[in-house]
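S.K.:
Residue numbers (the numbering used here): 411 to 567.
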């Protein structure tokens with residue numbers, strides 16, 4: 411009985427994790443495809459609408475990051491407590507964790523700097539600029555989803 415309750419809870423946690431990942435990566439893709447191109451148009455009314463949309467996307471991003479972090483921790487601990495771990499599984503999990511922390515830090519930093527009234531007009535380092543763009547974050551999010559699928563297939567076999 412306890413095993414089936416645990417399995418049901420893990421299915422719910424995985425479902426929340428997957429939905430949060432899709433919302434977060436989908437929000438990034440929506441921003442890149444729909445919002446960012448029209449953000450360059452000089453229109454006072456349009457700019458106000460974009461500001462409101464950006465604020466809402468930031469809130470959704472923050473909720474998704476919190477959800478992904480908490481559910482991902484539960485899923486990771488469950489996987490690490492199994493006895494059939496391989497070095498390949500641990501290596502891929504480590505890469506996934508590193509990439510996740512990296513893009514969460516980039517996203518949180520971008521959200522804080524965008525919301526900060528004392529925003530610096532200094533440009534980021536030229537070497538680091540490509541790694542802090544929304545395109546990099548979105549593509550890395552897609553890579554993390556791919557790594558999750560690889561981990562799941564390794565865990566099943």
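Beta carbons are placed, not taken as given, at the ideal position from N, Cα and C, and that holds for glycine.
#1: Expressed to the nearest angstrom, what Euclidean distance is found between the alpha-carbon atoms of residue 457 and residue 437?
#2: Note down the Cα distance separating residue 472 from residue 518, rounded to an integer number of angstroms.
#3: The ligand GTP and residue 445: does any heavy atom of the ligand fall closer than 7 Å to the residue's C-beta?
#4: Given a threshold of 16 other Cβ atoms within 10 Å of its Cβ, counted over all protein chains shown, does residue 425 qualify as buried or as exposed?
#5: Am I right that residue 430 and residue 481 are in contact with their C-beta atoms under 8 Å? What's the rounded C-beta distance?
M.R.: Working from what's here:
#1: Working through the chain shown from its first residue, we reach residue 457 at position 47. Working through the chain shown from its first residue, we reach residue 437 at position 27. Spanning the two alpha carbons is a distance of roughly 19 Å.
#2: Here residue 472 refers to the residue found at position 62 when the chain shown is read from its first residue. Here residue 518 refers to the residue found at position 108 when the chain shown is read from its first residue. Rounded to whole angstroms, residue 472 to residue 518 spans 8 Å at the Cα level.
#3: The ligand GTP is not part of this structure, which contains no ligands at all.
#4: Along the chain shown, read from residue 1 onward, the residue named residue 425 stands at position 15. Exposed, by the Cβ-count rule.
#5: Position 20 of the chain shown, counting from 1, holds the residue named residue 430. Position 71 of the chain shown, counting from 1, holds the residue named residue 481. With 8 Å as the limit, residue 430 and residue 481 qualify as a contact, their Cβ atoms being about 7 Å apart.
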